[in-house]
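Read through the structure below, which is laid out as structure tokens, and then see the notes.
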Amino acid sequence: MLDVTVDAVIPHYGELTQLLNILDCFQIADKPIGFGKIIIVENGQEANASNVGNLYPSLNIVYIHTETAGLTNARNIGVHSSEAKFILLLDNDLSFNKSFLSQYYEAFSKRGQMYFYGGQIEPVFESSPQEWLLDYCPTSVKGLFFDEDSETNKPEFLGGNHAISRKAIEFLIKENGQVYDGESATADSGGIGEETRLQSYLLAKGFKGWKVSEATVLHPVPTESLTYEWVCNRRYRAGVTAGSTELATHKSVPVWLSKIFYLSSIKEQAFLLFSKRLALKYGVSRAWAKGAIDAIKNRTLK
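Counting with the working numbering, you get residues 11 to 312 for the letters of the sequence shown.
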């Protein structure tokens, strides 16, 4: 087996309760011999997370605060603060079982530095979701499941439960100046998908993905994430990402994008008179187009 050292990075924003829950999971989890520290990067307004190390003396917790809110920036700060050969990146609202860290450690030991890694995400719904809404929800809400441990050549792992190697980190910094790039997810208005872009880039450069099927996290899905408005807002953020990445060459809003926005808006309003279920198809299209338009306008005005 390879010599393996592992750190975990957890970006944190907002309520302290969620962070304490995942730290409880770390406290009871089996720790592989190479597991080192948990780097908590609180981004935006401080919420007393600086004291969590005192609550968990058995864990090696490193706390960092940045005034810049957003996942992209927080993840980059966390990654730069580690010298481990593998870094596990987790969202702050998850929970996992005792063998979670060991499952990743075993995969790292067997597969090595030319892989990036990801585990399953199992949603825990606060209330029963409506199927017509789930059809338009992101994978983080619907769940991500694997039949078995296996190699993948798709960028399918989610940001809340993935891991990267030291070789990948050094390669990305050399090529791009940083590990994660793009519009950062900030509150309800920022972009999304920086982990997907990272995986796509690594795949194009010869790295492979490895599914760690037993490294499952439970992801709470509150009722407010199962509404028409939330789903549309999520698509808006996807549009912001598109406007900042694949549409980045546009110096002004293209006509076809404006047409999508206006036609979808008209159809959405018409169907809303009868049924949200029927209107949602056009609502998500309208929201995506608006996000892309806003990103292009913001970029060209700078």
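The beta carbon of each residue, even a glycine, is placed where N, CA and C say it ideally should be.
Residues that DSSP places opposite residue i in a beta bridge
i, result
"K218", "Y125"
"L98", "A18, A173"
"I48", "A18, I71"
"T162", "G219"
"I131", "L154, V227"
"T76", "N53"
"S105", "L228"
Reference residue i, options the options, closest by Cα
i, options, result
"S109", "K291, I50, V227, K277", "V227"
"E204", "E185, K221, G169", "G169"
"G24", "N163, A59, F36, F45", "A59"
"T237", "K184, S138, E56", "S138"
"T233", "C147, L29, K41", "C147"
"P42", "S92, F36, S112", "S112"
"N31", "F284, N243, V62", "V62"
"F181", "E158, D159, L213, S160", "L213"
"E132", "E224, R287, G88", "E224"
"S160", "F45, K221, S254, P67", "K221"
"P67", "L81, K47, Q55, N53", "K47"
"N107", "I183, A39, K215, G88", "A39"
"G44", "F96, N83, A84", "F96"
"Y73", "K261, N53, N83, L81", "N53"
"A258", "Y246, L144, I303, V151", "I303"
"P21", "N83, T15, S285", "N83"
"K152", "I183, S210, S235, H172", "S235"
C-alpha distance - residue i paired with residue j, whole-angstrom precision
i, j, result
"T149", "A79", "23 Å"
"V294", "N64", "44 Å"
"G301", "K291", "16 Å"
"S331", "F135", "Residue coverage of the chain in this structure runs from 11 to 312, which leaves residue 331 outside it and unanswerable."
"F155", "F167", "10 Å"
"W240", "D13", "44 Å"
"G219", "D191", "19 Å"
"T162", "A57", "39 Å"
"H90", "D34", "25 Å"
"Q37", "E256", "42 Å"
"L100", "Y125", "18 Å"
"G187", "I179", "10 Å"
"R244", "F217", "29 Å"
"S199", "N308", "Its pLDDT being 42, under 50, S199 is placed unreliably in this model, and the value from its coordinates should be taken loosely. Between S199 and N308, the C-alpha separation is close to 12 Å."
"R296", "V189", "31 Å"
"R3", "E116", "Since the first and last residues shown for the chain are 11 and 312, residue 3 lies out of range."
"N86", "S92", "10 Å"
"I174", "S268", "38 Å"
"K120", "T76", "35 Å"
"V231", "S275", "28 Å"
"D103", "L29", "6 Å"
"R207", "Q123", "19 Å"
"L143", "G88", "34 Å"
"A289", "L282", "5 Å"
"C242", "K277", "15 Å"
"S254", "H260", "10 Å"
Residue burial classification, residue i (beta-carbon count within 10 angstroms, cutoff 16)
i, result
"P165", "buried"
"Y272", "exposed"
"W298", "buried"
"G129", "buried"
"A248", "buried"
"V51", "buried"
"V265", "exposed"
"T305", "For the record, residue 305 in the displayed sequence is Ala; it is not Thr. When all chains shown are included, A305 counts as buried."
"A197", "Interpretation of A197 is limited by its pLDDT of 39, a score under 50 that renders its predicted location unreliable; the figure taken from the coordinates is listed afterwards. A197 comes out exposed."
"A280", "exposed"
"L311", "exposed"
"L98", "buried"
"A252", "buried"
"A195", "The pLDDT assigned to A195 is 43, lower than 50, so where the model puts this residue is not dependable, and the model offers no usable value."
"D17", "buried"
"E185", "exposed"
"S285", "exposed"
"F118", "buried"
Residue i: CB within 8 Å of a non-hydrogen atom of the ligand MG
i, result
"S109", "The ligand MG is not part of the structure shown, which contains no ligands of any sort."
Practice task
Go through the region 266-300 residue by residue and report every complete run of the beta strand (DSSP E) that reaches 3 residues or more, in order.
Solution key: DSSP runs (the beta strand (DSSP E)) wholly in the region 266-300: none.
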